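Here is the structure we will look at.
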Amino acid sequence: SVAAFLEDWRPANFEAAVLDDPAREATDWGLLADGEGDEKPVIFEFFMGLDPNATDGWDALGFERTGTNSATLYYRRSKSVPAAIGWAEWSTDGTNWSPGSIQESVVSDLGDAEVIAAQLTVVGPKPSRIFMRLNVEIP
């Protein structure tokens, strides 16, 4: 299971003293923690195959408006985690999100990870704005 894999991943990425301190879950090793301050929570670093103790740039995530009705979100995905725990979503208002109308493909192989292009083409009226995000959930 993903949860079991995550429990194996944590000891490989955090010192025992950090994991043994429940008070540090919120700041260092919990799913939403960002102990090194790079603005990526642990759950993203787990999914992307990044080091949760090193400040990584946001080059693991990118956005490109490719046309009046289209956009692409690029993101890094670790080959060690199930692809089904992370997916791209889009919105025209930043409030209502949908994974529909997005086609994903691998555009680069990084060895232990891959770069995914999540390509969106909106059918219908031309939207004035397109937002895209990466959603990662641990079942």
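Here the sequence shown stands for residues 923 to 1061, where the numbers follow my numbering.
Every residue, glycine too, gets a C-beta built ideally from N, C-alpha and C.
Quick caveat: nothing in here was measured; it's all calculated off a predicted structure.
I think Ile1052 touches Thr1017, with their Cβ atoms under 8 Å apart; what is that distance to the nearest whole Å? So it is not a contact: roughly 14 Å between Cβ atoms.
If we require 3 or more residues per run, which beta strand (DSSP E) segments fall completely within the stretch 958–1028? 983–989, 992–1000 and 1008–1013
Within 10 angstroms of the Cβ of Leu972, are there 16 or more other Cβ atoms? Answer buried if so, exposed if not. buried
Taking a contact to mean a Cβ-Cβ separation below 8 Å, would you say Val924 touches Pro1004 in this structure? yes
By the 10 Å Cβ neighbour count, where 16 or more other Cβ atoms means buried, how is Gly959 classified, buried or exposed? exposed
Report the CB separation of Tyr996 from Ile1038 in whole angstroms; it is logged as a contact under 8 Å. 7 Å
Within a Cβ cutoff of 8 Å, which residues of the same chain sit near Ile1060, ignoring the five residues on either side of it in sequence? Val924, Ala925, Leu928, Leu953, Ile965 and Ile1007
Val1045 to Ala1010, Cα distance in whole Å? 17 Å
Candidates Gly1033, Pro933, Thr988 and Ala1040, of which the one nearest Asp1027 by Cα: It should be noted that the sequence gives Ser, not Asp, for residue 1027. For Ser1027, the nearest C-alpha among the options comes from Ala1040.
How close, in whole Å, do the beta carbons of Arg998 and Met970 come, if the pair is a contact with beta carbons under 8 Å? 4 Å
Which residue from Gly957, Trp1012, Phe968 and Ala976 puts its Cα closest to that of Glu986? Trp1012
Residues bridged to Asp1031 by DSSP? Glu1036
Which class does Val1058 belong to by DSSP, given the choice of helix, strand or coil? strand
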